[in-house]
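What follows is a single structure, written as C-alpha cells, with notes after it.
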Amino acid sequence: MLLNRLPLPCLVLLSLSSKVFGDPTVLPPCNNDVTNSTSVYCTGLETSGFCLKGNNIYQLTAKVARRKRSSVGSCAAITDAGLNQYSIAGANVTISSETTGLLYNCVEVTDNPANCTQITSGYYMNSSALYNCTNGVCSEVTLAEGNYIASASDTTNILYNYASSNLTGKADSAVFEGYYLSADTSFKLIYCNSEKSCTPVEDSALTKSSYYVSGLDYDGTSKVYEKLIYCDGSGDCSEATPTRAGYYLDGSGFIESGKYDKLIKCKIVDEACQFTSVASSAMPTDAGDYFLLDGADASKVIKCTYTSSNVCEEITGEAKAGYGYVDFGTPNNVIACTNGTCTSLTGGNAQAANIGAGTPAQNTGFLDAGKGNNASKNIIICASTPTCTSTPMPASGTQGFAFLDGTSFNDTASTFSKIITCNATGICTPLTTLPTYTSAEVYIDAGSGTGSPGSLTYANIITPVISGAFITFSVVAGDKTNAMYAYIDATDKKKIIKYDTNTMKSDTNKATATSNAFYINGLVPSEIIVCEKEDADCRKIVGSSETGVSKYYADVLTAAGNIITCAGPTNANPPVVSSCASDKHVGTTGSKDVFYVDGYTGGVLSCPKSAICTPVSPVNSNEGTAYINFDGKTVIQCTKSVSNNKRGKKTTSATDNKPEVTTITCTALEAITGDDTYYYIDASSTDKVIKCDKNSCDNSTAAKTDLAMAYINPNATNIIQ
Numbered sequence: 003m004l005l006n007r008l009p010l011p012c013l014v015l016l017s018l019s020s021k022v023f024g025d026p027t028v029l030p031p032c033n034n035d036v037t038n039s040t041s042v043y044c045t046g047l048e049t050s051g052f053c054l055k056g057n058n059i060y061q062l063t064a065k066v067a068r069r070k071r072s073s074v075g076s077c078a079a080i081t082d083a084g085l086n087q088y089s090i091a092g093a094n095v096t097i098s099s100e101t102t103g104l105l106y107n108c109v110e111v112t113d114n115p116a117n118c119t120q121i122t123s124g125y126y127m128n129s130s131a132l133y134n135c136t137n138g139v140c141s142e143v144t145l146a147e148g149n150y151i152a153s154a155s156d157t158t159n160i161l162y163n164y165a166s167s168n169l170t171g172k173a174d175s176a177v178f179e180g181y182y183l184s185a186d187t188s189f190k191l192i193y194c195n196s197e198k199s200c201t202p203v204e205d206s207a208l209t210k211s212s213y214y215v216s217g218l219d220y221d222g223t224s225k226v227y228e229k230l231i232y233c234d235g236s237g238d239c240s241e242a243t244p245t246r247a248g249y250y251l252d253g254s255g256f257i258e259s260g261k262y263d264k265l266i267k268c269k270i271v272d273e274a275c276q277f278t279s280v281a282s283s284a285m286p287t288d289a290g291d292y293f294l295l296d297g298a299d300a301s302k303v304i305k306c307t308y309t310s311s312n313v314c315e316e317i318t319g320e321a322k323a324g325y326g327y328v329d330f331g332t333p334n335n336v337i338a339c340t341n342g343t344c345t346s347l348t349g350g351n352a353q354a355a356n357i358g359a360g361t362p363a364q365n366t367g368f369l370d371a372g373k374g375n376n377a378s379k380n381i382i383i384c385a386s387t388p389t390c391t392s393t394p395m396p397a398s399g400t401q402g403f404a405f406l407d408g409t410s411f412n413d414t415a416s417t418f419s420k421i422i423t424c425n426a427t428g429i430c431t432p433l434t435t436l437p438t439y440t441s442a443e444v445y446i447d448a449g450s451g452t453g454s455p456g457s458l459t460y461a462n463i464i465t466p467v468i469s470g471a472f473i474t475f476s477v478v479a480g481d482k483t484n485a486m487y488a489y490i491d492a493t494d495k496k497k498i499i500k501y502d503t504n505t506m507k508s509d510t511n512k513a514t515a516t517s518n519a520f521y522i523n524g525l526v527p528s529e530i531i532v533c534e535k536e537d538a539d540c541r542k543i544v545g546s547s548e549t550g551v552s553k554y555y556a557d558v559l560t561a562a563g564n565i566i567t568c569a570g571p572t573n574a575n576p577p578v579v580s581s582c583a584s585d586k587h588v589g590t591t592g593s594k595d596v597f598y599v600d601g602y603t604g605g606v607l608s609c610p611k612s613a614i615c616t617p618v619s620p621v622n623s624n625e626g627t628a629y630i631n632f633d634g635k636t637v638i639q640c641t642k643s644v645s646n647n648k649r650g651k652k653t654t655s656a657t658d659n660k661p662e663v664t665t666i667t668c669t670a671l672e673a674i675t676g677d678d679t680y681y682y683i684d685a686s687s688t689d690k691v692i693k694c695d696k697n698s699c700d701n702s703t704a705a706k707t708d709l710a711m712a713y714i715n716p717n718a719t720n721i722i723q
C-alpha cells in the first residue's frame with residue numbers, strides 16, 4: 003500500500019483571514035461495505051483511489067483482469083500516522099505552489115484505523131513546507147519573511163515564523179502578547195493576546211505612523227520587549243529599534259486624530275532600549291495634564307490629560323530657555339526642550355550643597371510650560387533632595403526673587419549661565435539679556451524657601467559671578483548677622499535686599515530728601531552701597547581707597563546712633579583691605595554732638611547723643627571756622643571753591659556765560675604735634691571758640707570783652723575776634 007505521506011508536523015496556523023463559505027471539499031465518501039475487505043464491493047472495485055468513512059481513510063485498489071496474472075480489488079484502512087495528500091477526486095497527489103489538493107492529518111490508533119482530520123482552512127506546516135487551505139482545498143505557500151497564523155487543526159503551534167530561510171513553529175510557550183509582522187499579504191500585522199489567541203489586524207484597524215510592541219522580541223525573563231514594529235504613514239510596517247529613551251504612542255491605543263490611551267516606554271539598558279507597554283490604567287487618575295519625554299520625536303513631548311480616563315497626544319515642546327515640564331515618566335526630573343531638543347534633566351539640574359566649601363544647595367527653577375499661558379505664574383522648583391514640584395507663585399511679596407535657570411546648566415563647568423527673575427506680583431520671566439552688574443547686585447534665591455506655603459522664608463541670594471566677558475550665577479548664603487550688610491536688588495536697583503525678620507527681603511532704600519542712605523556691601527564688605535534718593539538707583543563705591551585713611555558714612559538704620567567706618571588699605575604689599583563696620587559713634591557716650599567728615603559727600607556729619615547721624619546742611623565754610631572732629635584731637639575745616647569750567651578754574655570773562663559751581667570740601671586737619679595752640683570759630687556754634695593743642699580740641703563760649711580781645715594763631719595773618 004503506497005501513500006504519499008509526510009511526517010507528522012508541529013503545525014501552526016497564521017491566517018484567519020480566509021473565510022469558509024459552505025462545506026469544505028472532502029474525499030469521496032466510502033461505500034458502507036468498505037470495512038469488509040472480502041465484500042463484493044471491495045473485490046469488484048474497478049477504480050483505485052481513497053475514500054473517507056467517518057474519521058477513517060481507506061485506500062481502494064481496483065481489480066486487475068489479465069490472462070496470466072489477475073487480482074481482485076481490495077479495501078484497506080490507513081493505520082499509520084502522517085500528513086496525507088490527496089486530489090479532490092481522491093487520487094494520490096503531491097501538493098505544490100502550482101497544484102492543489104486535500105490534506106489529512108492522521109493519528110495512529112492501536113489495533114484500529116488511524117484517526118484522520120482534514121485541514122480545511124488556514125496555514126499548516128509540515129517540516130519545511132507550509133500549506134494554505136481554503137474550504138478544504140490546499141496549496142503549498144511560497145514563503146515570505148514574517149509570521150503566519152497556524153490553522154486551528156495544529157494542536158501544537160500557534161504561529162509559524164519564517165526568517166533567515168528557516169520556517170519554525172511557535173508553540174504557546176514561545177508566543178507572547180504583542181504584535182507580529184504578517185507574512186500574509188492580506189494584512190500587515192497579527193495580534194496575539196495574553197491568552198495566546200492570535201488574530202489578524204485588519205488594515206482598517208491599523209494606526210498609521212505608530213509603534214507597536216513586537217511579541218516576537220519579548221524577553222520573558224526580563225519581561226521587556228527588545229524591539230518595536232513601526233507602521234508608517236502609508237501603512238507599511240517593519241521592525242524598529244529606536245534608541246531614544248522616552249515614551250512612544252502605542253498604535254493599539256489609538257482613539258482618534260492623534261489621541262491615544264496607551265503608551266510604550268523605552269528604558270535604556272546597556273545602550274539599548276528595553277520596551278514596556280503602559281496601559282491607561284497605569285497612568286495618573288487625578289484630573290490634570292501630565293507630560294512625558296517623547297522618544298519618537300526629540301522636538302516634542304507627550305501630553306496626557308485625565309478627565310474620566312487618560313488621553314495622550316504629541317505636542318511640540320516649548321523651546322524657549324527657562325521653560326520646562328515636570329517629567330511624569332521619570333520622577334524628580336524636568337523635561338526641557340531648549341533650542342528644540344527635549345531632554346529629561348536629572349533632578350532638574352539642581353546641585354547638592356557643598357558643606358566643606360560652605361556652599362548651599364543650588365536649587366533650580368523652570369517656568370512650567372505645562373501651564374500654557376499661565377507659565378509665568380507657575381514655577382517648577384527643583385531641590386537637590388531630589389524633588390521637582392510645580393508651584394504657583396504668590397501674587398505679592400516676590401520683589402527681587404529669582405531662580406537659577408535649570409536649562410542653563412553647564413555640565414562640564416558645573417555653572418549656571420542664566421536666571422529667571424520675578425517681579426513684585428509673582429510674574430516670572432527668563433532673563434534672556436543680562437544687565438551690567440557690579441559687585442553689589444544680587445537676587446533673592448526663591449528656590450531655597452523653607453517653611454510652609456504662605457509663610458516661606460529665604461536665607462540665600464543669587465550672585466552674578468563675573469569672569470572677563472562671561473557671567474555665571476551661584477547661590478550663596480545671605481548675611482543675616484550684620485545689620486548693616488545689604489545688597490542692591492538687581493531687578494530694581496532703587497531697592498535694597500537685606501535680612502529682615504528671618505528672611506531676605508527687598509525693600510525701598512532709606513534715603514530721604516535731606517540725607518543719603520548707606521549700607522555695607524554684603525558681598526564685598528570693604529565697599530559701601532549708597533542710595534541718594536528713594537526713587538533713584540543705588541550704586542556701590544569703595545569704602546576708602548586712601549592708604550591709612552578711614553572714611554565715615556551715616557548708619558541710617560541704627561536708631562541708637564551708629565557710624566559706618568571704612569579703614570583705608572594698609573601700605574603692605576599687597577595692601578590689606580579691611581571690611582567696613584558699623585558701630586556706636588562717639589557721641590553716644592558723651593554729652594555733646596560730634597562731627598565726622600562725610601565719606602561720600604566730603605561734607606560734615608553731625609552725630610547727636612544716641613541718635614542717627616545726619617548731614618550738616620549747609621556746612622559752615624567761612625574762613626576761620628571749624629568743627630571739632632569726633633576724635634576730640636583734630637578739627638574739620640571746610641573750604642569753598644568756585645568754578646565754571648571743566649578744569650575747575652574760576653573764569654571772570656564777561657563773555658563766559660557758564661553758570662558758576664560752588665564746591666565745598668571738608669577735611670580733617672592733622673593733629674597738632676608741637677606746643678602751639680590754635681583757635682577756630684566753632685562752625686556749629688559761632689559764639690564759641692575752639693582751642694586746639696597737642697592734647698585735645700575743645701570749645702568754650704568766647705569771652706565777651708572789648709573789641710580788642712582776639713585769638714591769634716601761630717604764623718597767621720588773620721585773627722579771630
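The sequence shown begins at 3 in the numbering used here and counts up one residue at a time. Virtual Cβ for every residue (Gly too), placed ideally from N, Cα, C. Nothing here was measured: the structure is a model prediction, and the numbers come from that model.
query                                                                                                                             : result
Beta-carbon proximity of residue 427 to residue 398, cut-off 8 Å                                                                  : yes
Residue 500 beta carbon near the ligand SAM (any heavy atom closer than 7 Å)                                                      : Because no ligand of any kind appears in the structure shown, any question about the ligand SAM cannot be addressed here.
Sequence ranges, beta strand (DSSP E) only - wholly within the region 176-221, length at least 3                                  : 180-183, 191-194, 200-203, 212-215
Opposing strand residues paired with residue 500 [DSSP bridges]                                                                   : 507
Per DSSP, cross-strand counterpart(s) of residue 599                                                                              : 606
Under 8 Å between C-beta atoms of residue 531 and residue 540                                                                     : yes
Local Cβ density within 10 Å of residue 104, reported as buried at 16 or more and exposed below that                              : buried
According to DSSP, residues forming a beta bridge with residue 366                                                                : 384, 406
Reduced DSSP category for residue 481 - H, G, I as helix; E, B as strand; rest coil                                               : coil
Residues sharing a beta bridge with residue 161, DSSP                                                                             : 151, 172
Proximity test, Cβ basis, 8 Å: residue 618 and chain B                                                                            : The structure shown contains no chain B; it holds only a single protein chain.
Backbone CA spacing between residue 93 and residue 127 [nearest angstrom]                                                         : 22 Å
Delimiting residues of the alpha helix (DSSP H) encompassing residue 44                                                           : 42-45
Between the CA atoms of residue 260 and residue 235 - distance to the nearest angstrom                                            : 13 Å
Where residue 432 falls, given that 16 or more other Cβ within 10 Å makes a residue buried                                        : buried
Cβ-based burial, residue 703 [other Cβ within 10 Å; buried from 16]                                                               : exposed
Distance, residue 454 Cα to residue 385 Cα                                                                                        : 15 Å
Where residue 311 falls, given that 16 or more other Cβ within 10 Å makes a residue buried                                        : exposed
Three-pair Cβ contact test at 8 Å for the region 234-249 versus the region 284-291                                                : no
For residue 591 and residue 612, the rounded distance between their alpha carbons                                                 : 8 Å
Under the three-state DSSP convention, the category residue 67 falls into                                                         : coil
Supposed contact pair residue 572 and residue 549 - C-beta distance, whole angstroms, cut 8 Å                                     : 7 Å
Cα-Cα separation, residue 522 to residue 638                                                                                      : 25 Å
Neighbourhood of residue 547 by C-beta distance below 8 Å, restricted to the same chain and skipping five residues each side      : 570, 571
Given 8 Å, three or more beta-carbon pairs between the region 170-178 and the region 134-147                                      : no
Rounded straight-line distance, which links the Cα of residue 213 to that of residue 251                                          : 7 Å
Limits of the unbroken beta strand (DSSP E) element including residue 120                                                         : 114-120
Rounded straight-line distance, which links the Cα of residue 145 to that of residue 52                                           : 30 Å
Neighbourhood of residue 49 by C-beta distance below 6 Å, restricted to the same chain and skipping five residues each side       : 64
Where residue 378 sits in the DSSP three-state scheme                                                                             : helix
Residue 209 to residue 233 span [Cα, whole Å]                                                                                     : 7 Å
Whole-angstrom distance between residue 467 and residue 475, CA atom to CA atom                                                   : 6 Å
Residues near residue 165 by beta carbon distance below 7 Å, same chain, minus five either side                                   : 147
Chain-order list of residues whose beta-carbon lies under 8 Å from that of residue 416 (same chain, five-residue window excluded) : 353
Anticipated Cβ contact below 8 Å, residue 525 with residue 581, distance rounded                                                  : With 8 Å as the limit, residue 525 and residue 581 do not qualify as a contact, their Cβ atoms being about 11 Å apart.
Cut-off 6 Å between Cβ atoms - residues of its own chain near residue 517, not counting five sequence neighbours on either side   : 616, 617
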